[in-house]
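Taking it in order: structure first as structure tokens, then the write-up.
Protein chains: 2
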Amino acid sequence: MIIINVTITITLTITIMNIITISDMMNINVLRLDHRSKRDARITTHVCLTARAFGASKIYLSGEEDEKLMKNLEDVVDRWGGSFEIQYKKSYMNLIEEWQNNGGEVIHLTMYGSQVQDVIGNIRDSSKDKLIVVGGSRVPTKVYKKSNWNVSITTQPHSEVSSLAIFQHMLMDGKELDLKFDDAVFEVIPTAEGKKVNIHDQ
Amino acid sequence: MIIINVTITITLTITIMNIITISDMMNINVLRLDHRSKRDARITTHVCLTARAFGASKIYLSGEEDEKLMKNLEDVVDRWGGSFEIQYKKSYMNLIEEWQNNGGEVIHLTMYGSQVQDVIGNIRDSSKDKLIVVGGSRVPTKVYKKSNWNVSITTQPHSEVSSLAIFQHMLMDGKELDLKFDDAVFEVIPTAEGKKVNIHDQ
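Those protein sequence lines, which keep their order, are chains B and C.
Numbering-wise, the first sequence is residues 584 to 785 according to the numbering used here.
Numbering-wise, the second sequence is residues 584 to 785 according to the numbering used here.
This is the structure we're talking about:
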């Protein structure tokens, strides 16, 4: 062990702007491509719940319309609070174009994209609304071309669920861990052992 | 906008210990509880791939033995490199006890646990090997009691896949994003648009 004593003199120039939290600054939505009702029900459910828990305000589902899945998710939102929306969108390229025409940015998560650790600083620095595109089994070339960013979460195969979680976590800079959801029936009280849940009558 | 100029004098005492990277310090394994072959095949596959991509060296699967799933994962490891192991473990409580008897720590991921942002510093500071337990549909009380840590990733319902990814990401402090996998056939070259993959003959 080495002990070093150092004296440093630092001159700081601090610029104080109006401080805005990230949730005030940008709206985060997610677009899930190419849902297949039978095969993808659980994975798409996990994608939707992850989007909500990590700070998105809305998810668009494309592919097969799956009313049962959407109903189940709306029930979760009713019980766990907040105002997360779920909407079916048949023609997702229109949504991508509308989003950009309204001044928003589109980030397509793909294992082939730029590495998240290299680009997240630039993505976070822009206050534009974010549409995060989560692929399905086939993602057409036009999605790669139209997206403002194609971003990879590791260069290894894993899961659209883990990719979305890590991207939202890095976009929110960890602030999503302290998110509060209004008007919840169920509220978990964190505890080192066991389960504590407050149930609020509505 | 306000501009403030400040001059600060700081006296630092820096203690330099032997510096070891996290991958030298601890071995990370994952235990997936209560796998059901029909219902959980895709989610468990995503759990396994996430464990591997984010720096675990091995996953133990309990519940129903699923040889097809294990074979598929071994094929992924062959193609994408590294030495990730998959092992079926019928009696997982024995594994938890053995792990602790060998000096390792057990972290059970549950939405009811202590919040990850409050405990990750302490967990990361310990160089002991880590067994991360990912729940299934029913997690018995003894898992909560035996675990060194019960940890929640948000207090909201989402996914064991996103919980595992965020926990490993925070445990590795982002270093998993730069992990290299030896002897891979497929190697993705990150690119802003399109797909670039190097294929290495074996």
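Where is the CB? At the ideal position from N, CA and C, for every residue including glycine.
Since we're looking at a predicted model, the values are computed, not measured.
Presumed contact (8 Å Cβ cut-off) between residue i and residue j, rounded CB distance
{"i": "Leu714 of chain B", "j": "Gly686 of chain B", "result": "At roughly 11 Å, the Cβ-Cβ gap does not stay under 8 Å, so Leu714 of chain B and Gly686 of chain B are not in contact."}
{"i": "Leu574 of chain B", "j": "Leu692 of chain B", "result": "A query on residue 574 of chain B cannot be resolved here, the shown segment of chain B reaching from 584 to 785 and no further."}
{"i": "Leu652 of chain C", "j": "Ala624 of chain C", "result": "6 Å"}
{"i": "Cys631 of chain C", "j": "Ile669 of chain C", "result": "6 Å"}
{"i": "Ser640 of chain C", "j": "Asn684 of chain C", "result": "That pair is no contact at about 19 Å."}
Under the three-state DSSP convention, the category residue i falls into
{"i": "Met694 of chain C", "result": "strand"}
{"i": "Leu754 of chain C", "result": "helix"}
{"i": "Thr737 of chain C", "result": "coil"}
{"i": "Arg615 of chain C", "result": "strand"}
{"i": "Asn731 of chain C", "result": "coil"}
{"i": "Leu668 of chain B", "result": "Checking the sequence shown, residue 668 of chain B turns out to be Glu, not Leu. In the structure shown, Glu668 of chain B sits in a strand (DSSP, three-state: E or B)."}
{"i": "Gly686 of chain C", "result": "coil"}
{"i": "Lys763 of chain B", "result": "coil"}
{"i": "Ser674 of chain B", "result": "coil"}
{"i": "Ile749 of chain B", "result": "helix"}
{"i": "Gly704 of chain B", "result": "helix"}
{"i": "Lys779 of chain B", "result": "coil"}
{"i": "Ile772 of chain C", "result": "coil"}
{"i": "Val713 of chain C", "result": "One point to set straight first is that residue 713 of chain C is Lys, not Val, in the sequence displayed. Strand, per DSSP."}
{"i": "Ser645 of chain C", "result": "strand"}
{"i": "Ala639 of chain C", "result": "coil"}
{"i": "Arg721 of chain C", "result": "coil"}
{"i": "Asn655 of chain C", "result": "helix"}
{"i": "Asp623 of chain C", "result": "helix"}
{"i": "Asp784 of chain C", "result": "coil"}
Sequence-distant residues of its chain with Cβ nearer than 6 Å to residue i (five each side left out)
{"i": "Thr604 of chain B", "result": "Legend: pLDDT at Thr604 of chain B = 41, less than 50; position of this residue unreliable, no value from coordinates given."}
{"i": "Glu770 of chain C", "result": "Asn781"}
{"i": "Tyr727 of chain C", "result": "Asn733"}
{"i": "Phe667 of chain B", "result": "Arg635, Val660"}
{"i": "His783 of chain C", "result": "Val768"}
{"i": "Lys779 of chain C", "result": "Ile772"}
Neighbourhood of residue i by C-beta, 7 Å cutoff - its chain only, sequence neighbours within 5 removed
{"i": "Asn601 of chain B", "result": "Its pLDDT being 40, under 50, Asn601 of chain B is placed unreliably by the model, and the measurement read from it follows with that caveat. There are no such residues."}
{"i": "Ile591 of chain C", "result": "A caution first: Ile591 of chain C carries a pLDDT of 45, below 50, which makes its placement in the model unreliable, though a value can still be read off. Within the same chain, Ile591 of chain C has no close Cβ partners at all."}
{"i": "Met753 of chain C", "result": "Val699, Ile703"}
{"i": "Leu762 of chain B", "result": "Gly638"}
{"i": "Lys729 of chain B", "result": "Ile679, Val689"}
{"i": "Lys711 of chain B", "result": "Met609, Gly686, Gly687, Glu688"}
{"i": "Asp766 of chain B", "result": "Gly664"}
C-beta atoms of residue i and residue j nearer than 8 Å
{"i": "Val702 of chain B", "j": "Trp732 of chain B", "result": "yes"}
{"i": "Met694 of chain C", "j": "Lys725 of chain C", "result": "no"}
{"i": "Ser745 of chain B", "j": "Val744 of chain C", "result": "yes"}
{"i": "Leu616 of chain B", "j": "Val699 of chain B", "result": "no"}
{"i": "His629 of chain C", "j": "His618 of chain B", "result": "no"}
{"i": "Ser620 of chain B", "j": "Glu647 of chain B", "result": "yes"}
{"i": "Ala634 of chain C", "j": "Val613 of chain C", "result": "yes"}
{"i": "Pro773 of chain B", "j": "Ser735 of chain C", "result": "yes"}
{"i": "Glu776 of chain B", "j": "Thr737 of chain C", "result": "no"}
{"i": "Arg707 of chain C", "j": "Asp756 of chain C", "result": "yes"}
{"i": "Ile749 of chain C", "j": "Ile626 of chain B", "result": "no"}
8 Å CB neighbourhood of residue i in its chain, flanking five on each side removed
{"i": "Asp661 of chain C", "result": "Val768"}
{"i": "Phe764 of chain C", "result": "Trp663, Gly664, Gly665"}
{"i": "Gly696 of chain B", "result": "Trp732, Asn733, Val734, Ser735"}
{"i": "Lys672 of chain B", "result": "Leu614, Tyr643, Leu644, Ser645, Leu678"}
{"i": "Gln751 of chain C", "result": "Ile611, Thr633, Ala634, Phe637, Gly638, Ala639, Ile715, Glu759"}
{"i": "Asn655 of chain C", "result": "Thr628"}
{"i": "Gln739 of chain B", "result": "Met694"}
Residue i Cβ short of 7 Å to the ligand PLP heavy atom set
{"i": "Met653 of chain C", "result": "The model depicted lacks the ligand PLP and carries no ligand whatsoever."}
Practice problem: Name, going along the chain, the residues of the stretch 613-629 of chain C whose beta-carbon falls closer than 9 Å to a beta-carbon of chain B. | Solution: Along the stretch 613-629 of chain C, going in chain order, the ones with a CB nearer than 9 Å to a CB of chain B are Arg622, Asp623, Arg625, Ile626, Thr628, His629.
Self-check item: chain C contacts from the stretch 687-714 of chain B (Cβ-Cβ distance under 7 Å)
Solution: So the close ones are Met694, Tyr695, Gly696, Ser697, Gln698, Val699, Gln700.
Practice problem: Mind checking the stretch 645-656 of chain B against chain C and listing, in chain order, the residues whose C-beta falls within less than 9 Å of any C-beta there? | Solution: Under the 9 Å Cβ criterion, the stretch 645-656 of chain B contributes no residue.
Quiz item: Using a Cβ cut-off of 8 Å, which residues of the stretch 754-765 of chain B contact any Cβ in chain C, in chain order?
Solution: Residues are counted here when their Cβ sits less than 8 Å from a Cβ of chain C; for the stretch 754-765 of chain B these are Gly757, Glu759, Leu760, Asp761, Leu762, Phe764, given in chain order.
Quiz item: Mind listing which residues of the stretch 729-746 of chain C have their C-beta closer than 7 Å to chain B's C-betas, in chain order?
Solution: The residues in question are Asn733, Ser735, Thr737, Thr738, Gln739, Pro740, His741, Ser742, Val744, Ser745.
Quiz item: Using a Cβ cut-off of 7 Å, which residues of the stretch 657-673 of chain B contact any Cβ in chain C, in chain order?
Solution: Within the stretch 657-673 of chain B, the qualifying residues are Val659, Trp663.
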